[in-house]
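Engineer: Numbers given in the working numbering equal positions in the sequence shown, counted from 1, plus 1.
Handing you this structure, nothing more for now.
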Amino acid sequence: MKPTLEIFSQGEEIVTGQTVDTNAAWLSQQAVDCGFTVTRHTAVGDKLDDLIILLQDIAQRTDCCICTGGLGPTSDDLTAEAVATAFNLPLEFDEIAFTQISRFFVNRNRTMPESNRKQAMLPQGAKRIDNEWGTAPGFSLQYGRCWFAFIPGVPTEMQHLFLEGILPTLSTRFLLQPGQLVSIKTVGLGESVIQERINAIEIPVEVELGFRAGPDEVQTKLLFPFNYPKTAMTTLVNRFAEKMGDYVFAIDGLGEITGDLAFEINKLMVNKKLTLAVVETASQGLLAAKCMGSEWLLSASYEQSTAKLGLVETNTENLITTAKKIAVDLQKSSAADYVLVQFYTGDNNALHNKDKAIIVHNILLTGDCFYQTTQPINGAIKRKQNQAALLTLDLLRRHLQHKTINQ
């Protein structure tokens, strides 16, 4: 059975919502990659009694706990005091820690405030975790069932202390057998549709299924246990991918490094030594922004409306014909291998009205061949912009990956 781990964040700014606890997310990913089962994230404000009770509870229910925050020099930094009280380990002055803190100020030609002396007070028997990036040393100790590590809440300091002071210790204290996470990345399919498509697949009990939905993609995650047979893993992943069809643009975790949709398109365009020119309307420059820095993007322009692009017809077929002519002219003027033209139809104010849908039309010109897609998009303007950019890029991706292009 995997060892369990909790993440405990301390700070009034976290529980009141003034600071987003990115530390917990980062530490969770590190812990899962190591082979832990992360059971809880807990945040507590600057209240000594609450901290004491939580520490005593954690010591009884989990194997490992990583605690962030509360190690500063001010009166609201209570972690060391809470540990000392909760576990009956009186605070003791650590000469080495004090020397390190003093040197931090000397190196910056600053006078150390007396309040920083507090940071050199560590619970009796705790092992110091040196901090070369700030004034607060971390510390670790075993109490009850749990091995605790306490580190500063400043993200840069937290990450350094974890990677250099905690991570090497974990493998010596715990039997860690990290699993393998495979993420199937799709664009254009919602979570509920994916769930329906994969319902018939029999998933082994030891394999964990999860989903992560974001504005640009949905990731279907399969976490395989340590030493799961490679052939069986690949077979199961392929079954999932087949059910999702050509909406899959990348699979992460089977050896190849993958990224988002723009990242995958970049690899394909570079490998095939192709260039692209773009005209966009609904996405209003967001499509080009997603491809920023790509040398293959020779030209990118946008207009705020279809009419400003010169598409003033009301007949959709005529609009498409005109858009194709724009693509041909742009291919000649830019000398790009491929051209994407995106335009939308709908009421005059539909793009800005969250209650009205627009119809996005995408034209891809490759050499002398045209490919096109038509899709409705609704919601607020930022959603419409993002979805329009993704759908236009996805037309290019499908062509490059030789996938079905949905008209």
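We treat Cβ as the ideally placed atom computed from N, Cα and C, and that holds for glycine.
None of these values were measured; they are calculated from a predicted model.
Output the boundary residues of the beta strand (DSSP E) element that contains Asn363.
Structural biologist: 359-367
Engineer: Going by DSSP, which residues form a beta bridge with Tyr144?
Structural biologist: The partner list for Tyr144 (beta bridge, DSSP) reads Cys147.
Engineer: Give the list of continuous alpha helix (DSSP H) stretches no shorter than 4 residues that lie fully inside the region 267-295.
Structural biologist: Runs of the alpha helix (DSSP H) inside the region 267-295: 287-291.
Engineer: Could you check the C-alpha separation between Ser284 and Gly71 for me, to the nearest Å?
Structural biologist: 44 Å
Engineer: What are the start and end residues of the alpha helix (DSSP H) that includes His400?
Structural biologist: First-last of the alpha helix (DSSP H) with His400: 382-401.
Engineer: So what's Val219 in DSSP terms, helix, strand or just coil?
Structural biologist: strand
Engineer: Helix, strand or coil: how does DSSP classify Lys128 here?
Structural biologist: strand
Engineer: Identify the residues that DSSP records as bridge partners of Ile378: which are they?
Structural biologist: Partner(s): Ile359.
Engineer: Please report the residue range of the alpha helix (DSSP H) in which Val16 lies.
Structural biologist: 13-16
Engineer: Between Thr374, Ile185, Glu257, Lys404, which lies nearest to Gly211 when the distance is taken from Cα to Cα?
Structural biologist: Ile185
Engineer: Specify, as a first and last residue, the run of the alpha helix (DSSP H) that Thr112 falls within.
Structural biologist: Segment: none, Thr112 is in no alpha helix (DSSP H) and carries neither H nor E.
Engineer: Quick one: any contact between the region 274-281 and the region 320-338, if contact means 3 or more CB pairs under 8 Å?
Structural biologist: Output reads yes: the region 320-338 touches the region 274-281.
Engineer: May I ask you to check if the CB of Val45 is nearer than 7 Å to at least one heavy atom of the ligand MN?
Structural biologist: Absence of the ligand MN is noted for the structure shown, with no ligands found whatsoever.
Engineer: Output the boundary residues of the alpha helix (DSSP H) element that contains Thr100.
Structural biologist: 96-107
Engineer: Along the beta strand (DSSP E) that carries His161, what are the first and last residues, could you check?
Structural biologist: Counting along the chain, His161 falls outside any beta strand (DSSP E), though it belongs to the alpha helix (DSSP H) covering 156-162.
Engineer: Under 6 Å Cβ to Cβ from Glu13, same chain only, skipping five residues before and after it: list those, please.
Structural biologist: Gly46, Asp47
Engineer: Give the DSSP-derived three-state secondary structure of Glu207 in the structure shown.
Structural biologist: coil
Engineer: Which same chain residues, not among the five before or five after Asp1, have their C-beta less than 8 Å away from its C-beta?
Structural biologist: Past the edges of the chain, shown from 2 to 408, lies residue 1, and the structure says nothing about it.
Engineer: Starting from Asp34, follow the alpha helix (DSSP H) in both directions and report where the run begins and ends.
Structural biologist: 23-35
Engineer: For Gly180, count neighbouring C-beta atoms within 10 Å of its own C-beta (all shown protein chains included) and say buried if the count is 16 or more, exposed if not.
Structural biologist: buried
Engineer: Of all the options Phe88, Asn132, Glu93, which has the alpha carbon lying nearest to the alpha carbon of Ser103?
Structural biologist: Asn132
Engineer: Within the continuous beta strand (DSSP E) that includes Thr40, where are the two ends?
Structural biologist: 38-45
Engineer: Could you give the residue range of the alpha helix (DSSP H) that holds Ile329?
Structural biologist: The sequence given here places Val at residue 329; Ile does not occur at that position. It spans 317-335 - the alpha helix (DSSP H) in which Val329 sits, taken as one unbroken run.
Engineer: At which residues does the alpha helix (DSSP H) containing Ile195 begin and terminate?
Structural biologist: 192-199 is the extent of the alpha helix (DSSP H) around Ile195.
Engineer: If the criterion is Cβ atoms closer than 8 Å, does the pair Val238 and Leu224 meet it?
Structural biologist: no
Engineer: According to DSSP, is Ser10 part of a helix, a strand, or is it coil?
Structural biologist: Correct three-state label for Ser10: strand.
Engineer: Here's a check: name, in chain order, each residue in its chain whose Cβ is nearer than 8 Å to the Cβ of Leu92, leaving out the five neighbours to either side.
Structural biologist: Ala81, Glu82, Ala85, Met122, Leu123, Pro124, Gln125
Engineer: Relative to the alpha-carbon of Gln31, which residue among Leu168, Arg398, Leu288 has its alpha-carbon at the smallest distance?
Structural biologist: Leu168
Engineer: Using a Cβ-Cβ cut-off of 8 Å, state whether Asp217 counts as contacting chain B.
Structural biologist: Here chain B cannot be found, since the structure has a single protein chain.
Engineer: How about Leu351 and Ile359: are their beta carbons less than 8 Å apart?
Structural biologist: Note on identity: in this sequence residue 351 is Ala, with Leu being the wrong assignment. Closer than 8 Å, so yes.
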